[in-house]
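Novice:
Structure (C-alpha cells):
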C-alpha cells in the first residue's frame with residue numbers, strides 16, 4: 001500500500017510529522033492493505049494566513065484495486081484533528097464498501113452449479 005502525502009503552500013510538511021501520518025495509516029488500515037493500492041493524503045489550510053475555527057482540512061483518497069477511488073474530507077481547528085477525523089471517516093467507508101464485495105456468510109464463491117453437458121445451443 002503506497003501512501004502519498006501532499007500539502008498546500010500554507011501547511012508545513014515536516015518529514016517527522018509526515019512519517020507519523022504514514023505510520024498511523026499503515027497501522028489503522030492494515031486490514032485493508034491487500035485491497036488498497038494507494039492512499040493519497042492532502043493537507044490544506046483553507047484560510048491561509050487568516051485564522052478560523054475549522055480552517056485546516058485533510059482529504060484522504062483510497063484507491064482500492066478494481067474499484068473507483070474513495071475520498072473523504074474532514075475540517076478541524078488543527079491538522080491533527082482534521083487527519084484523525086478523515087481517517088475515521090475513511091475506515092467507516094471502506095468497511096461498508098468492502099463488505100459489499102464479500103460473498104454472504106455461508107456462501108462459497110467457488111461453488112458453482114455443474115453445467116449440463118447434454119444441452120446443445
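Residue numbers (full-length UniProt numbering): 1 to 121. Built from N, CA and C at the ideal position, the CB exists for glycine as well.
1. Among 56, 69, 37, which one has its Cα closest to the Cα of residue 45?
2. Rank 39, 17, 77 by C-alpha distance to the C-alpha of residue 65 and give the top, closest one.
3. Considering only the alpha carbon of each residue, which of 30, 86, 10, 92 lies closest to residue 47?
4. Over what stretch of residues does the alpha helix (DSSP H) that includes residue 146 continue unbroken?
5. Between the beta-carbon of residue 19 and the beta-carbon of residue 60, is there less than 8 Å?
6. Rounded to a whole number of angstroms, what is the C-alpha to C-alpha distance between residue 23 and residue 8?
7. So residue 63 packs on residue 28, CB below 8 Å; how close in whole Å?
8. According to DSSP, is residue 9 helix, strand or coil?
9. Quick one: Cα of residue 91 to Cα of residue 78, how far?
Specialist: So, from the data block:
1. Residue nearest to residue 45 within the set 56, 69, 37 is 56 (criterion: CA-CA distance).
2. 39
3. 10
4. With the chain covering 1 to 121 only, the question about residue 146 has no answer from this structure.
5. In this structure, residue 60 does not lie closer than 8 Å to residue 19 by Cβ.
6. 21 Å
7. Beta-carbon to beta-carbon, residue 63 and residue 28 are separated by about 16 Å, too far to satisfy the 8 Å threshold.
8. coil
9. Taking the straight line from one Cα to the other gives about 20 Å.
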